[in-house]
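Reading through the structure tokens given below for one structure.
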Amino acid sequence: MSTINDIQKLREHTGAGMMATKKALAEATITHLAPIRRKIEEYRSDHGELTRILDKGREFAQERASAKMTDVRKKVGLGR
């Protein structure tokens, strides 16, 4: 897998033209993003799992927000 540094070296040390540099950069980008693309496809194909993950995140966020708002209300004198 090529890195940005590898691509810079290719251009600097070999005198590679812009097209070769763009091709190397495109290939490196595709390779780097491949695991993310696979995960996205997994989520798209399993709607139930995606819903479960989103629900879990929503519940976590609600719990944190509720606790934070309780603290804020106490500090501004609106505590009950």
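Residue 40 is where the sequence shown starts when you use the working numbering, and the numbers rise one by one after that.
C-beta atoms are modelled at their ideal positions from N, C-alpha and C, and glycine is treated no differently.
As the structure is a prediction and not an experimental result, all values here were calculated from the model.
>> Between which two residues does the alpha helix (DSSP H) holding Leu93 run?
In response: His86 to Lys114
>> Rounded to whole angstroms, what is the Cα-Cα separation between Thr42 and Lys48?
In response: 10 Å
> Below 8 Å between beta carbons: does that hold for Ala67 and Ile46?
Replying inline: yes
> Is Thr42 helix, strand or coil by DSSP?
Replying inline: coil
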